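Using the numbering used here, the letters of the sequence shown correspond one by one to residues 7 to 121.
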Amino acid sequence: ITNKKASGYRSYHLVIEYPVQLIDGEKIILAEIQIRTLAMNFWATIEHSLNYKYQGEFPVEISERLRRSAEAAYQLDEEMSNIREEIQEAQRLFSHGKGQRSKRDQPQSLEEDQK
């Protein structure tokens, strides 16, 4: 998620219409779905708690620390995503070769194998 709020918060928010059947007919209910990473969810939980404590008026130092923490959470998400992709690629290569060396990687002679 590349777009972020001034606070550093990053997520997708989707608002959907959901039909609910009532005794007197159907009523459309709006629901918000928030899509965010585990790291950003942790950040948002802490920020939400602080929001109550400071009644939405964070001291400058707290706001800056929250921004830095949100950026750190984003960097953690990016790094973990890169690691996951590298592991998946290694697993794909391993399963493609079924753990065997490909012909081009096999030694041409016994001497070459001992290198």
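Cβ atoms here follow ideal geometry from the backbone N, Cα and C, with glycine treated the same way. All values reported here derive from a predicted model rather than from experimental measurement.
DSSP three-state assignment for residue i, whether helix, strand or coil
i      : result
ALA12  : coil
ILE68  : helix
GLN97  : helix
ILE89  : helix
GLY103 : helix
GLU77  : helix
GLU84  : helix
For residue i, the first and last residue of its enclosing alpha helix (DSSP H)
i     : result
GLN27 : Here GLN27 belongs to no alpha helix (DSSP H); instead the beta strand (DSSP E) covers 18 to 28.
ILE52 : 44 to 59
Cutoff 8 Å; reference residue i; Cβ partners in own chain excluding five residues on either side
i     : result
LYS10 : ARG16, ALA76, TYR80
Burial state of residue i (16 or more Cβ within 10 Å)
i      : result
GLY14  : buried
LEU157 : No answer is possible for residue 157: it lies beyond the span of the chain, which begins at 7 and ends at 121.
ALA12  : exposed
ALA96  : exposed
Residue interval of the beta strand (DSSP E) (run including residue i)
i     : result
ILE35 : 31 to 41
Proximity below 8 Å, CB of residue i to CB of residue j
i     : j     : result
LEU36 : GLU23 : yes
TYR18 : ILE34 : no
ILE39 : LEU20 : yes
Nonlocal neighbours in the same chain, by C-beta distance under 7 Å from residue i, ignoring five residues either side
i     : result
LEU82 : ALA45
GLU91 : none
Nonlocal neighbours in the same chain, by C-beta distance under 6 Å from residue i, ignoring five residues either side
i     : result
TYR58 : none
GLY31 : none
Chain D within 8 Å of residue i, Cβ atoms only
i     : result
ASN88 : Of the protein chains in the structure, only one exists, and it is not chain D.
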